[in-house]
Amino acid sequence: MENLKENGITTFVSVLPDNYSCYWQFPEQAKQNQWFYYPDATGKNPEIFSFKTGSYFLFLAYTKARVDYAILWNITP
Amino acid sequence: MKPRFIILIIIILTSNMTAFAGSAKLFCVNLYSEDLDFQLGEDSKPIFYFNGLKPYTPTRILSSNNFGKHIFYFKLSTEKTFHFWSTDKKNPQLCTVEADKTYCFVIGVDGSIEYYILAEKNDNNPKVCFLNGSNSTISRMEISKEWNKNPAA
Chain Z
28 MENLKENGIT TFVSVLPDNY SCYWQFPEQA KQNQWFYYPD ATGKNPEIFS
78 FKTGSYFLFL AYTKARVDYA ILWNITP
Chain C
1105 MKPRFIILII IILTSNMTAF AGSAKLFCVN LYSEDLDFQL GEDSKPIFYF
1155 NGLKPYTPTR ILSSNNFGKH IFYFKLSTEK TFHFWSTDKK NPQLCTVEAD
1205 KTYCFVIGVD GSIEYYILAE KNDNNPKVCF LNGSNSTISR MEISKEWNKN
1255 PAA
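Pasting the structure below:
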């Protein structure tokens, strides 16, 4: 998803069942070709999430106390 | 005996299918910095409610067959009385709930409320929705095996 404005929300995008990681990039990072990823327990590699058939996820970016975060929530009914 | 048995099976199958196929889906995201309570619908028959939704967290999706137009009530978890959501500060905003649609309430950083209908493909593949609750535009959000290489979404 590109150039998502503040408070911007997308439709639910359908993906093939597989294992994926979460990445995101702010404009300042884009200039330097850098990006964030949601880390695994070691903090050194991206966490791998299992996207199973019938599941729903919310990839949420937010700012708390002037620090930006992002997290993947499983919101499957 | 046999035809009756077959008819019974067909009735059971079709009743189960209609119970799930036509449901609306609802969830809520709290981007406000305090715990929130909310309720869609009246006390006598609320269709969607949650007490103590933590900041920066969503609820899980709830399926409902209670279609119609409903009032959205909300309050800080520390408050005693609910307020109704209104866009004109006088009349409650009615939230339409229809079959086969997916809805999302977003309680914003400033406490504002938005009610979205989120389209989705009618397949059983996993699905992901992106929400930017940060203070600035995000250039790119991606679900993939490796950054920027054949992203899935």
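If you read the protein sequences in the order shown, they are chains Z and C. Mapping of the first sequence onto the working numbering: residues 28 to 104, in sequence order. Mapping of the second sequence onto the working numbering: residues 1105 to 1257, in sequence order. A virtual CB, placed ideally from N, CA and C, is assigned to each residue, including glycine.
Between the options, which has its C-alpha nearest residue i's C-alpha?
i: R93 of chain Z; options: C:S1137, C:E1250, C:L1180; result: C:S1137
i: K1179 of chain C; options: C:N1236, C:W1251, C:G1215, C:P1162; result: C:G1215
i: C1233 of chain C; options: C:G1156, C:K1253, C:A1223; result: C:A1223
i: L85 of chain Z; options: C:S1168, C:N1236, C:K1184; result: C:N1236
i: I1151 of chain C; options: C:Y1220, C:L1140, C:H1174; result: C:H1174
i: D1262 of chain C; options: C:K1184, C:S1168, C:Q1197, C:K1149; result: This structure gives no information on residue 1262 of chain C, because the portion of chain C shown stretches from 1105 to 1257.
i: G1126 of chain C; options: C:Q1143, C:N1195, C:K1205, C:L1198; result: C:K1205
i: Y96 of chain Z; options: Z:S41, Z:N72, Z:P66; result: Z:P66
i: E33 of chain Z; options: C:S1240, C:Y1177, C:K1225, C:C1199; result: C:S1240
i: Y1220 of chain C; options: Z:F39, Z:M28, Z:E29; result: Z:F39
i: S1190 of chain C; options: C:N1170, C:V1213, C:Y1177; result: C:Y1177
i: L1157 of chain C; options: C:L1198, C:K1149, C:V1133, C:N1170; result: C:V1133
i: S1148 of chain C; options: C:E1250, C:N1170, C:D1227; result: C:N1170
i: C1199 of chain C; options: C:E1250, C:I1217, C:V1213; result: C:I1217
i: N30 of chain Z; options: Z:A57, Z:V42, Z:S41; result: Z:A57
i: P73 of chain Z; options: Z:E55, Z:W62, Z:V42; result: Z:W62
On the premise that residue j lies in contact with residue i, defined as a C-beta separation below 8 angstroms, what is that separation, rounded to the nearest angstrom?
i: L1135 of chain C; j: I1211 of chain C; result: 6 angstroms
i: E1202 of chain C; j: A1257 of chain C; result: About 26 angstroms separates the two Cβ atoms, so there is no contact after all.
i: F25 of chain Z; j: P104 of chain Z; result: Since the displayed chain Z opens at 28 and closes at 104, residue 25 of chain Z lies outside it and no answer follows.
i: Y89 of chain Z; j: Y1160 of chain C; result: 5 angstroms
i: W51 of chain Z; j: R1164 of chain C; result: Not really, about 23 angstroms apart at Cβ, beyond 8 angstroms.
i: F1131 of chain C; j: P1162 of chain C; result: 6 angstroms
i: I36 of chain Z; j: C1208 of chain C; result: 7 angstroms
i: T80 of chain Z; j: N1155 of chain C; result: Not a contact, Cβ separation roughly 31 angstroms.
Spell out the partners DSSP gives residue i in its beta bridges.
i: G1215 of chain C; result: In the DSSP output, where bridge partners are listed per residue, G1215 of chain C has none listed.
i: L87 of chain Z; result: Z:I98, C:L1235
i: Y47 of chain Z; result: Z:F76
Mind pulling the chain Z residues with CB within less than 9 angstroms of residue i?
i: D1227 of chain C; result: S41
i: G1212 of chain C; result: N34
i: A1256 of chain C; result: V40, V42, L43, D45, Y47, F78
i: L1222 of chain C; result: I36, T37, T38, F39
Whose Cβ in chain A lies nearer than 8 angstroms to the Cβ of residue i?
i: Y1219 of chain C; result: The structure shown has no chain A; the protein chains it does contain are Z and C.
Could you tell me which chain Z residues have their CB closer than 7 angstroms to the CB of residue i, listed as they occur along the chain?
i: F1171 of chain C; result: Per Cβ cutoff of 7 angstroms: no residues; F1171 of chain C is ~17 angstroms from chain Z at best.
Chain C partners of residue i, CB-CB under 7 angstroms?
i: P29 of chain Z; result: Per the sequence presented here, residue 29 of chain Z reads as Glu, with Pro not at that position. Correct list: S1243, R1244.
i: T37 of chain Z; result: C1233, F1234
Give the residues of chain C in contact with residue i, contact being defined as C-beta atoms less than 8 angstroms apart.
i: T103 of chain Z; result: R1164, I1165
i: Y64 of chain Z; result: W1251
Going along chain Z in order, which residues have a C-beta closer than 8 angstroms to the C-beta of residue i?
i: C1208 of chain C; result: I36
i: G1215 of chain C; result: Ordered by position in chain Z, no residue passes the 8 angstroms Cβ test against G1215 of chain C, which lies about 13 angstroms from the chain.
To be precise: take each residue of the stretch 1149-1168 of chain C, compare its Cβ to all Cβ atoms of chain Z, and keep it if any distance is under 8 angstroms. Which residues remain?
P1159, Y1160, T1161, P1162, T1163, R1164, I1165, L1166, S1167
Compile a chain-ordered list of the residues in the stretch 79-100 of chain Z whose CB is closer than 7 angstroms to at least one CB of chain C.
K79, T80, G81, S82, Y83, F84, L85, F86, L87, A88, Y89, T90, K91, D95, W100
Select from the stretch 1174-1196 of chain C all residues with a C-beta closer than 8 angstroms to any C-beta belonging to chain Z, and list them in chain order.
none
Got a sec: which bits of the stretch 41-57 of chain Z sit with their beta carbon under 8 angstroms from any beta carbon on chain C, in order along the chain?
S41, V42, L43, P44, D45, N46, Y47, S48, C49, Y50, W51, Q52, F53, P54, Q56, A57
Listed in chain order, which residues of the stretch 1124-1136 of chain C have Cβ atoms closer than 8 angstroms to some Cβ of chain Z?
K1129, F1131, V1133, L1135
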